[in-house]
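Engineer: In the working numbering, the protein residues as written are 9 to 388.
By construction, the Cβ of each residue, glycine as well, lies at the ideal position given by its N, Cα and C atoms.
Treat the numbers as computed from the prediction; the structure is a model and nothing was measured.
Dumping the structure here so I can ask a few things about it.
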């Protein structure tokens with residue numbers, strides 16, 4: 009059998025391995041996967057049920073998404089970005105946000121070109137860069153004042169890139185980029201004639217005191233930015249598998265072709281539910297308050313241990329290296345001794361990420377998270 013070099017450096021998420029080891033034991037704290045027990049918007053659930061009952065959306069067409077959803081996305085983006093997107097020419101619906109990443113990469117890169125990501129970053133972004141036959145270039149995050157920060161000097165030193173693939177808040181770290189960070193990204197994109205691929209899946213899940221800056225509002229970035237969004241996290245609609253891409257019309261023409269030949273069409277029933285979630289009050293602020301309370305509980309429980317706080321998102325990281333334990337071993341100890349399912353970050357970046365274990369706080373209530381320190385101490 010021939011080898012396929014595209015897969016040579018692809019690593020497993022490790023989420024599925026940890027989940028399988030945890031099984032269905034109700035005593036285990038499920039902190040390995042980015043699920044949530046915060047319910048989706050009731051109005052979106054009702055609209056989805058109604059679509060199923062009526063047979064609405066049971067079609068192969070339109071390939072790029074139902075007009076009602078694309079119009080709702082355009083309205084939402086206008087509020088977030090200050091930019092008007094043509095629903096027909098500049099927005100394409102995808103089967104979840106991460107399903108948009110590969111078509112976008114195929115549209116903005118050639119094989120062998122460099123794509124810049126942070127270290128740590130979401131493994132689903134990093135490994136897709138490799139699958140697209142591009143080359144990842146990792147810019148390290150560093151810890152300052154107990155929070156992750158972007159290394160702007162490393163960003164300024166990059167000499168080639170076709171694209172920057174960034175999240176804010178970002179998985180798994182919870183880093184949130186300030187306006188100065190986005191300005192540094194804008195300078196690098198302009199200098200290198202590169203696109204910004206902005207994964208906005210968690211944009212509004214930002215905790216008190218931290219900025220929420222959409223990069224399209226930063227000078228010289230909007231015309232270079234391709235936005236990837238979804239209803240999975242802000243709207244707690246993971247199972248709907250509805251995402252989208254929005255960007256300049258010329259590049260969107262290519263992205264739409266790639267999306268069409270990748271998945272043909274997203275669920276019409278789910279699209280109708282997603283349109284309602286975007287157009288009506290959907291409990292985002294209340295959900296963010298709950299996630300912040302859970303994060304604060306985790307931080308209090310692990311006070312004195314090398315936890316790096318998140319400025320937003322659904323997860324935070326513990327430095328296994330500072331504990332003198334390899335990340336994979338710490339993950340195994342946490343499960344077997346502490347009954348905590350947590351994922352090592354071995355596929356989520358380079359030298360920085362490999363030191364850490366991720367704790368997801370979106371799927372366990374505060375009452376259960378209050379047991380975290382005793383369980384952690386048992387593992388150590």
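1) Would residue 93 and residue 283 be called neighbours here (beta carbons separated by less than 7 Å)?
2) How would you call residue 173, buried or exposed, if buried means at least 16 neighbouring beta carbons within 10 angstroms?
3) Measure the CB-CB distance between residue 112 and residue 234 and report whether it falls below 7 Å.
4) In terms of residues, what are the limits of the alpha helix (DSSP H) holding residue 320?
5) Skipping 5 residues on each side, what residues in its chain have a beta carbon closer than 7 Å to that of residue 48?
6) Cβ atoms of residue 114 and residue 261: under 7 Å apart, would you say?
7) Does the distance from the C-beta atom of residue 329 to that of residue 363 stay below 7 Å?
8) Just the C-alpha distance for residue 294 and residue 213, rounded to the nearest angstrom, thanks.
9) Tell me whether residue 190 sits in a helix, a strand or coil according to DSSP, three-state version.
10) Indicate whether the contact test is met: 3 or more Cβ pairs, each with one atom in the stretch 12-23 and one in the stretch 138-147, closer than 8 Å.
11) Please work out which residues of its chain come closer than 7 Å, Cβ to Cβ, to residue 106, disregarding the five sequence neighbours upstream and downstream, and give them in chain order.
12) Quick one: what's got a C-beta closer than 6 Å to residue 224's C-beta in the same chain, skipping five residues either side?
13) Using a Cβ-Cβ cut-off of 6 Å (strictly less than) and excluding sequence neighbours within five positions of residue 58, which residues of its own chain qualify?
14) Enumerate, from N- to C-terminal direction, the unbroken beta strand (DSSP E) stretches of 3 or more residues contained entirely within the stretch 109-136.
15) Whole angstroms is fine: what's the gap from residue 277's alpha carbon to residue 72's?
16) For the stretch 45-82, list the beta strand (DSSP E) runs that are entirely contained and at least 3 residues long, ordered along the chain.
17) What distance in whole Å lies between the Cβ atoms of residue 87 and residue 368, which are believed to be in contact at a cut-off of 8 Å?
18) Check for me: the beta strand (DSSP E) holding residue 238 runs from which residue to which?
19) Leaving out the 5 sequence neighbours to the left and right, which residues in its chain are closer than 6 Å to residue 218 when beta-carbon positions are compared?
20) So residue 172 is in the beta strand (DSSP E); what residue range does that whole segment cover?
21) Where does residue 349 sit, in a helix, a strand or coil, going by DSSP?
22) Is residue 150 helix, strand or coil by DSSP?
Structural biologist: Based on what the coordinates show:
1) no
2) buried
3) Going by C-beta atoms, residue 112 is nearer than 7 Å to residue 234.
4) Counting along the chain, residue 320 falls outside any alpha helix (DSSP H), and DSSP gives it neither H nor E.
5) 243, 244, 245
6) no
7) Cβ atoms of residue 329 and residue 363: closer than 7 Å.
8) Rounded to whole angstroms, the separation of the alpha carbons of residue 213 and residue 294 is 10 Å.
9) helix
10) yes
11) 132
12) 89, 91, 230, 233
13) Contacts found: none.
14) Within the stretch 109-136, the complete beta strand (DSSP E) runs of at least 3 residues are 122-127.
15) 15 Å
16) none
17) Their Cβ separation, rounded to whole angstroms, is 29 Å, which puts residue 368 and residue 87 out of contact at 8 Å.
18) 233-238
19) So the qualifying residues of the chain are 184, 319.
20) 171-175
21) strand
22) strand
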